[in-house]
Amino acid sequence: MDVLAHVLYGATMCSRTGLAGGRMGAGRKWFADRTVWAAALFGLLPDALSMGLPFLLFWRGGMQGHFFHDFGGEALVHYRYAHSLLVALTASGLLYLWRKPLFLPSLAWPLHLLMDAFTHGTPGKFHTTLLYPLSLWSMDGLSWWRHPWLVAAYWLALPTLWLVLHVWRRHPVTRGL
Ligand SMILES: [Zn+2]
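Counting from 32, one number per residue, gives the positions in the sequence shown under the working numbering.
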């Protein structure tokens, strides 16, 4: 899944303004809801942690070659750790104990990994090894960069989710359920 979609899905699913806020929502404007920003950051985190620095170096070097094609070595190990459910759930567990307000938004990290597991296929170095470093097992998902309809589907699902959420929160018939 592309990075921007990860950011938006994180904020949509794991913020109080979004689905995690249930029928009540955050009770304030979305931009004043800190869980929106935190969830967006946690949605970005796995790719930022592993690809941020290599991309900066690639950009500083005049963008020679092909970033994803040449991505490997140490950076790929960082990618595996950042895309491990074991790492993500440990981080969420620690936040639950020490920074409870960040627990809910932090779930955008494991959400990113699950969405990658379904939208990154094998063979290919970007398959999602959810149990790394214990195992290199990965799901055989559909690679989004090879299936434009998949990109269209998950982008279309976003406004649909917000519309459903809006109707659910506003519609008088469903109030009180
Ligand atoms: Zn990712």
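We put the beta carbon where it would ideally sit given N, CA and C, even for glycine.
According to the DSSP assignment, Ser123 belongs to the alpha helix (DSSP H) that extends over 116-129. Judged by the Cβ position, His143 qualifies as a neighbour of ligand 1 at the 7 Å threshold, a heavy atom of the ligand being closer than this. Between Ala79 and Ala113, the alpha-carbon positions lie close to 9 Å from each other. Exclusion of His97 from the 7 Å shell around ligand 1 follows from its C-beta lying no nearer than that to any non-hydrogen atom of the ligand. Here Thr150 has Met32, Gly172, Leu173, Ser174, Trp175, Leu181, Tyr185 as same chain residues with Cβ atoms under 8 Å from its own Cβ, once five neighbours each way along the sequence are excluded. Within 10 angstroms of the beta-carbon of Trp90 lie fewer than 16 other beta-carbons, which makes it exposed. DSSP places His178 outside any alpha helix (DSSP H), giving it a letter other than H or E.
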